[in-house]
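Here the structure is laid out as structure tokens; the discussion comes afterwards.
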Amino acid sequence: MKKLQKLYLYLILLFLYAPIIILIIYSFNESKYRVWTNFSFKWYIELFQDTQIMSALYNTLFVAVVASILSTIIGTIAAIGINSMKKWQRSTIMNVTMLPVLNPDIVTGIALMLLFYIAKLPTGIVTLVLSHMAFCIPYVILSVLPKLKQADNRTYEAALDLGATPALATWKVTIPEIMPGVITGLLMAFTLSIDDFIISYFTTGPGVDNLSILIYNAAKKGVSPSINALSALMFAVIMILLIIINVRTHKATKKA
Amino acid sequence: MNRRWYSAPYIVWSLIFVVVPLLVVAYYGLTAQSADGSLEFSLENFKRFFTPLYLGVLWRSALYAAISTVICLLLGYPAAMILASKDLKHKSVMMFLIVIPMWMNLLLRTYSWLTLLENQGLINQFLRFIGVLGKEQSIQFLYSEGAVIFGMVYNFLPFMILPIYSVMSKMDYSIINAAEDLGANKFNVFKKVTFPLSIPGIYSGITMVFVPAITTFAISSILSGNNVNLLGNVIEKQFLVGNDWNFGSTMSLVLMIFILLSLVIMPDSEKESQGGMII
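These protein sequences, in sequence, are chains A and B. Heads up: the first sequence begins at 1 in this note's numbering, then just goes up one per residue. Heads up: the second sequence begins at 257 in this note's numbering, then just goes up one per residue.
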């Protein structure tokens, strides 16, 4: 029975990984087409000369870094405010916060696109960052709020009694206490932003592609194997990042 | 100064970037372009949506999303149960392996299936190699409804496994032990204890699969080669090809109401913890 269970898990993993393995193998394929010919590093070399892919990669990372940092700042400050609200105020604002989380991405994307159109804001990298912030901030708030509920309010009050201004007490006492939640929020915002396709697709401007948009537009004509090479590299980076995060949370749970 | 004022910038932000945009969608959805190009209040687009053509699209999208959700549940529930069982070794590694694919670009993973599934693809070659298929034969996997449902199951399966796993791993095992001590056999333990306790996880799994599945347009467009038109594809076309923003907004509005209503009907879907499960 146990062996059967293991086998089942392995089959599920095979299903999840099959296209990823194929993608990595074919990144070493000499041919441009989806037929195996010879082993080669050609696409890895071409990748770094492909200006289209490189600018899409740059846009993806730029938007993810800027949007996740700004979202974390706004979201954390907002969460501190929400936490000290009265119940009805809190539930009203949380309902609004949940809207981008529960709404289908296509609706969020279209809504933002229409907003930028009406506001006559030219679409491009700025609208891309704003849109990513719009769907990232709720996730930051959702990961900071539980930490605020656990935090001991008396240490904050003690800092006030000892003469700290509310802002200083928040900075020196509250923020360090909720730091794990802030970092989780930051990481979540970053990954959501990097992965996003639908909302970016509707809110970007001409000539500003991120990787998802590039792949979607290329899928009709055939994706350049350089993209496979890039994904294989990203897969390696993600593996390393996840191992770091896992070790971190492992240590954190051990402490708790 | 009370700290509740800290949320003031965010309130302004969410008014501008959450509330106003949805109002704009509603405005576009409830208007139509009149002869001189200005927008006038009109329910014409709603009438247009509620005709057999577009209701058919909505029905088809809901049907495919529902089928994928059921398949995800059937495949994912046992997987979540095995993952949550106490005596699984290397549990964190396994969870790790389930999560990683979600961090890879969704479109690229979907596109990569073409290499496996196309007529000259690896699976057909393999079947020819072992003699199941003749030399010139191939099975047509792609460009069909089945391919779209397959793509949805592939992409959203982890969203079913994770919430069920997270509920099951928090389950109080003393209840299960008690049921066993009282003489329940394995099947009855599952039916009367394990399954009812896992229902909140199933509810969040269903939402997390059904919502993205009913609105996708990338999966259907890549795997069906634009043969299968789902609601997402039709909406996308109104905005990027057809330039009928009013009708596109009407459809988005209907979709949004449809989804928010079904979320309200769905009890206890652990809404607040959804965000926490990605990492």
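Note that beta-carbon positions come from the ideal geometry of N, C-alpha and C, so glycine has one too.
Problem set entry | Within chain B, the residues that A/Ser-84 reaches when beta carbons sit closer than 7 Å | Within the first sequence, residue 84 of chain A is the residue found at index 84, counting from 1. The answer, in chain order, is Asn-258, Arg-259, Arg-260.
Exercise. Is B/Ala-370 near B/Asn-380, with beta carbons less than 9 Å apart?
Worked result: Residue 370 of chain B sits at position 114 when you count from the first residue of the second sequence. Residue 380 of chain B sits at position 124 when you count from the first residue of the second sequence. Reading off the sequence, residue 370 of chain B comes out as Leu, not Ala. No, Cβ-Cβ distance for B/Leu-370 and B/Asn-380 is not below 9 Å.
Problem set entry | Within the stretch 425–496 of chain B, ranges of the alpha helix (DSSP H) (whole runs, at least 4 residues) | 429–437, 442–445, 451–471, 474–479, 487–496
Exercise. Contact between the stretch 236–246 of chain A and the stretch 47–61 of chain A: three or more CB pairs below 8 Å?
Worked result: no
For this session: Hey, could you find the ends of the alpha helix (DSSP H) A/Leu-23 is sitting in?
Result: By one-based count along the first sequence, residue 23 of chain A stands at place 23. Element bounds for A/Leu-23: 2–26.
For this session: Taking B/Ile-536 as the reference, give the member of B/Val-449, B/Ile-267, B/Ile-272 with the closest Cα.
Result: Given a span of 257 to 535 for chain B in the structure shown, any question on residue 536 of chain B remains unanswerable.
Exercise. Counting only beta-carbon atoms, is B/Lys-527 nearer than 9 Å to chain A?
Worked result: As a position in the second sequence, residue 527 of chain B is number 271, starting the count at 1. Reliability fails at B/Lys-527, whose pLDDT of 46 lies under 50, so the model's placement of it is uncertain and the value that follows must be treated cautiously. Answer yes: the Cβ-Cβ gap between B/Lys-527 and chain A drops below 9 Å somewhere.
For this session: Report, in whole angstroms, the separation of the C-beta atoms of A/Pro-259 and A/Pro-138, which I expect to be a contact under 8 Å.
Result: Limits of chain A in this structure are 1 at one end and 256 at the other, which puts residue 259 of chain A out of reach.
Exercise. Of all the CB atoms in chain B, is at least one closer than 9 Å to the CB of A/Arg-34?
Worked result: As a position in the first sequence, residue 34 of chain A is number 34, starting the count at 1. So, interface residue.
Exercise. In or out: A/Pro-206 buried (at least 16 other Cβ within 10 Å) or exposed?
Worked result: Translated into positions along the first sequence, residue 206 of chain A becomes position 206. The residue is exposed, with fewer than 16 neighbouring Cβ atoms inside 10 Å.
Exercise. DSSP state of A/Pro-138, grouped into three classes?
Worked result: Reading the first sequence from its first residue, position 138 is the one you call residue 138 of chain A. Helix.
Exercise. Looking only at DSSP bridge pairs, what is B/Gln-289 linked to?
Worked result: Residue 289 of chain B sits at position 33 when you count from the first residue of the second sequence. DSSP lists B/Leu-295 as partners of B/Gln-289.
Exercise. Over what stretch of residues does the alpha helix (DSSP H) that includes B/Phe-302 continue unbroken?
Worked result: On the second sequence, position 46 is the one that residue 302 of chain B refers to. For B/Phe-302, the enclosing alpha helix (DSSP H) stretches over residues 300–305.
Problem set entry | Straight-line gap, A/Thr-333 to A/Ile-141 (C-alpha atoms, nearest Å) | Residue 333 of chain A lies beyond the range of chain A shown here (1 to 256); nothing can be said about it.
For this session: Identify each residue in the stretch 315–333 of chain B for which the Cβ-Cβ distance to at least one residue of chain A is less than 9 Å, and report them in chain order.
Result: Leu-331, Gly-332
Problem set entry | From A/Val-182, A/Lys-86, A/Tyr-33, residue whose alpha carbon lies closest to that of A/Pro-146 | Counted from its first residue, the first sequence places residue 146 of chain A at position 146. Of A/Val-182, A/Lys-86, A/Tyr-33, the residue nearest in Cα terms is A/Val-182.
Exercise. Which word fits B/Phe-501, buried or exposed, when buried means at least 16 other C-beta atoms lie within 10 angstroms of its C-beta?
Worked result: Residue numbering aside, residue 501 of chain B sits at position 245 when the second sequence is read from its first letter. Looking at the sequence provided, one finds Trp at residue 501 of chain B rather than Phe. B/Trp-501 comes out buried.
Exercise. Is DSSP giving A/Asn-210 helix, strand or coil here?
Worked result: Translated into the one-based positions of the first sequence, residue 210 of chain A becomes position 210. Three-state DSSP puts A/Asn-210 in coil, outside helix and strand.
For this session: Would you mind sorting A/Tyr-33 into buried or exposed? The rule is 16 or more other CB atoms within 10 Å of its CB.
Result: The sequence position of residue 33 of chain A within the first sequence is 33, counting from 1. Counting Cβ neighbours within 10 Å, A/Tyr-33 comes out exposed, since fewer than 16 surround it.
For this session: Could you pull out every residue in the same chain whose Cβ sits closer than 6 Å to the Cβ of A/Ile-24, ignoring the five residues on either side in sequence?
Result: Position 24 of the first sequence, counting from 1, holds the residue named residue 24 of chain A. Result list for A/Ile-24: Ala-232, in chain order.
For this session: Measure the beta-carbon distance from A/Gly-185 to A/Val-144 and round it to whole angstroms, keeping in mind my assumption that it falls under 8 Å.
Result: Here residue 185 of chain A refers to the residue found at position 185 of the first sequence. Here residue 144 of chain A refers to the residue found at position 144 of the first sequence. A/Gly-185 to A/Val-144, Cβ: 6 Å. Contact.
For this session: Determine, using beta-carbon pairs with one atom in the stretch 105–112 of chain A and one in the stretch 212–229 of chain A, whether at least three such pairs fall under 8 Å.
Result: no
For this session: Assign A/Phe-197 to one of three DSSP states: helix, strand, or coil.
Result: Working through the first sequence from its first residue, we reach residue 197 of chain A at position 197. Residue state, collapsed to three classes: coil.
Exercise. Which residues of chain A have a Cβ atom closer than 8 Å to the Cβ of B/Ala-474, listed in chain order?
Worked result: Position 218 of the second sequence, counting from 1, holds the residue named residue 474 of chain B. Simply Phe-197, Ile-198, Tyr-216.
Exercise. Among B/Ile-386, B/Asn-444, B/Leu-364, which has the Cα closest to the Cα of A/Tyr-26?
Worked result: Start at 1 with the first residue of the first sequence, and residue 26 of chain A comes out as number 26. For the residues B/Ile-386, B/Asn-444, B/Leu-364, the minimum Cα distance to A/Tyr-26 belongs to B/Leu-364.
Exercise. Would you report the Cα separation of B/Thr-471 and B/Glu-492, rounded to the nearest angstrom?
Worked result: By 1-based counting over the second sequence, the position of residue 471 of chain B is 215. By 1-based counting over the second sequence, the position of residue 492 of chain B is 236. If I take the Cα positions, the gap works out to 10 Å.
For this session: List the residues of chain B whose Cβ lies closer than 8 Å to the Cβ of A/Leu-112, in chain order.
Result: As a position in the first sequence, residue 112 of chain A is number 112, starting the count at 1. The contacting residues are Phe-273, Pro-277.
Exercise. Looking at chain A, which residues of the stretch 507–522 of chain B have a Cβ within less than 7 Å of any of its Cβ atoms?
Worked result: Ser-508, Leu-511, Met-512, Ile-515, Leu-516, Leu-519
Problem set entry | Local Cβ density within 10 Å of B/Val-520, reported as buried at 16 or more and exposed below that | Translated into positions along the second sequence, residue 520 of chain B becomes position 264. With fewer than 16 other Cβ atoms within 10 Å, it is exposed.
Exercise. Any Cβ of chain A within less than 9 Å of the Cβ of B/Thr-471?
Worked result: As a working note, residue 471 of chain B is residue 215 in the second sequence. So yes, B/Thr-471 belongs to the interface.
Exercise. Which residues in the same chain as B/Asn-483 place their Cβ atom closer than 6 Å to its Cβ, once the five residues preceding and following it in sequence are excluded?
Worked result: As a position in the second sequence, residue 483 of chain B is number 227, starting the count at 1. Cβ contact annotation for B/Asn-483 (same chain, cutoff 6 Å, sequence separation greater than five): Tyr-399, in chain order.
For this session: Express the C-alpha separation of A/Gly-163 and A/Met-94 in angstroms, rounding to a whole number.
Result: Here residue 94 of chain A refers to the residue found at position 94 when the first sequence is read from its first residue. Here residue 163 of chain A refers to the residue found at position 163 when the first sequence is read from its first residue. For A/Met-94 and A/Gly-163, the distance between alpha carbons rounds to 33 Å.
Exercise. Is the CB of B/Leu-557 under 9 Å away from at least one CB in chain A?
Worked result: For chain B, the structure presents residues 257 to 535; residue 557 of chain B sits outside this window and is missing.
For this session: Tell me A/Phe-39's beta-bridge partners as DSSP assigns them.
Result: As a first step, residue 39 of chain A must be located in the first sequence, where it is residue number 39. Bridge partners of A/Phe-39: A/Asn-29.
Problem set entry | When B/Leu-509, B/Ile-515, B/Leu-517, B/Leu-516 are compared against B/Phe-306, the one with the closest alpha-carbon | On the second sequence, residue 306 of chain B is found 50 positions in, with the first residue counted as 1. Measuring from the Cα of B/Phe-306, the nearest candidate turns out to be B/Leu-509.
For this session: Measure the C-alpha to C-alpha separation of B/Glu-436 and B/Leu-453 and round it to an integer number of angstroms.
Result: Mapped onto the second sequence, residue 436 of chain B falls at position 180. Mapped onto the second sequence, residue 453 of chain B falls at position 197. Approximately 16 Å between the Cα atoms of the pair.
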